[in-house]
Amino acid sequence: MKTTTLCCCLLLTCLRISTAEDLMDKLAHSEIHSISDLQRLLDLHSGHSAGLGNEVMEHSKQKHHQKGHSHHHGYELKSNQVHRRRKRSIVEEAVPAVCKTRTVIYEIPRSQVDPTAANFLIWPPCVEVKRCTGCCNTSNMRCHASKKHHRTVKVRRP
Numbered sequence: 007m008k009t010t011t012l013c014c015c016l017l018l019t020c021l022r023i024s025t026a027e028d029l030m031d032k033l034a035h036s037e038i039h040s041i042s043d044l045q046r047l048l049d050l051h052s053g054h055s056a057g058l059g060n061e062v063m064e065h066s067k068q069k070h071h072q073k074g075h076s077h078h079h080g081y082e083l084k085s086n087q088v089h090r091r092r093k094r095s096i097v098e099e100a101v102p103a104v105c106k107t108r109t110v111i112y113e114i115p116r117s118q119v120d121p122t123a124a125n126f127l128i129w130p131p132c133v134e135v136k137r138c139t140g141c142c143n144t145s146n147m148r149c150h151a152s153k154k155h156h157r158t159v160k161v162r163r164p
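If you count the sequence shown from 1, position 41 lands on 47 in my numbering, and the numbers rise without skipping.
Dropping the structure here:
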């Protein structure tokens, strides 16, 4: 097993050295406007270098695991428990959230009504209020209240 892995590593190193200039040329002469463009370019390029390496390494792993078990960190793993590497998908590019209002529940703190007393109840204990959400405080946009509503709450002292 060690000899096979060593041969695979040497093969991959030789392939990478001979194609590094090709990769640099492709990157320099390609129009890359997004992450997906770069991924497509690298997938096309890796089809004959890194892709081959993954196939060789996967073949070595499969041969080793066909024996029924593998030793990994001192534990015995069954062949059906071995996870194969999956190709990750590229996630969409993040865009700023639009500034808008949303309704939130605000719990009225007792200290806002009377910070010195303890024996009272507030009704209602929670109210709905409008808040700004998204990218509101930027260089071109500021969030501030266009309307102010005063709400009366009942305070009952026993």
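Every residue, glycine too, gets a C-beta built ideally from N, C-alpha and C.
Review point. When DSSP labels each residue in this structure, what does residue 96 get in the three-state scheme?
Key: Numbered from 1 along the sequence shown, position 90 holds the residue referred to as residue 96. Residue 96: coil per DSSP, three-state reduction.
Practice item. Indicate whether residue 32 and residue 47 have their beta-carbon atoms separated by less than 8 Å. Key: Taking the sequence shown and counting its residues from 1, one reaches residue 32 at position 26. Taking the sequence shown and counting its residues from 1, one reaches residue 47 at position 41. Yes, the pair counts as a contact, with Cβ atoms nearer than the cut-off.
Point to revise | Beta-carbon contacts of residue 142 that lie in its chain and below 8 Å, excluding the five residues immediately before and after | key: Numbered from its first residue, the sequence shown carries residue 142 at position 136. The residues are 105, 148 and 149.
Check your understanding: According to DSSP, is residue 106 helix, strand or coil?
Key -> Position 100 of the sequence shown, counted from the first residue, corresponds to residue 106. Three-state DSSP puts residue 106 in a strand.
**Study point:** Nearest-angstrom Cα separation, counted from residue 97 out to residue 116
**Key:** In the sequence shown, residue 116 corresponds to position 110, counting from 1. In the sequence shown, residue 97 corresponds to position 91, counting from 1. Taking the straight line joining both Cα atoms gives about 45 Å.
Check your understanding: Where does residue 119 fall in DSSP's three states?
Key -> In the sequence shown, the residue the question calls residue 119 occupies position 113. If DSSP states are grouped into helix, strand and coil, residue 119 belongs with the helices.
Practice item. Check the C-beta distance from residue 136 over to residue 107 and give it rounded, since I have them as a contact under 8 Å. Key: Taking the sequence shown and counting its residues from 1, the one referred to as residue 136 is at position 130. Taking the sequence shown and counting its residues from 1, the one referred to as residue 107 is at position 101. With a Cβ gap of about 5 Å, residue 136 and residue 107 count as contacting.
Check your understanding: Do you know offhand how far residue 102's Cα is from residue 144's?
Key -> Counting from one through the sequence shown, the residue named residue 102 turns up at place 96. Counting from one through the sequence shown, the residue named residue 144 turns up at place 138. When rounded, the distance between both Cα atoms is 11 Å.
Review point. Taking the C-alpha atoms as reference points, what is the distance between residue 156 and residue 140?
Key: Counting from one through the sequence shown, the residue named residue 156 turns up at place 150. Counting from one through the sequence shown, the residue named residue 140 turns up at place 134. About 25 Å.
**Study point:** Residues of its chain near residue 38, where Cβ-Cβ distance is below 6 Å and the 5 sequence neighbours each way are ignored
**Key:** Along the sequence shown, one-based indexing puts residue 38 at 32. Here the set comprises 44.
Check your understanding: Any heavy atom of the ligand ADP closer than 7 Å to the Cβ of residue 136?
Key -> By its list of ligands, the structure shown contains no ligand whatsoever, and the ligand ADP lies outside what it can speak to.
Point to revise | Start and end residues, beta strand (DSSP E) containing residue 139 | key: Against the sequence shown, residue 139 aligns to sequence position 133. Boundaries of the beta strand (DSSP E) around residue 139: 132-139.
Review point. Taking the continuous beta strand (DSSP E) assigned at residue 160, which residues delimit it?
Key: Locating residue 160 in the sequence shown gives position 154, where the first residue counts as 1. Counting along the chain, the beta strand (DSSP E) containing residue 160 begins and ends at 160-162.
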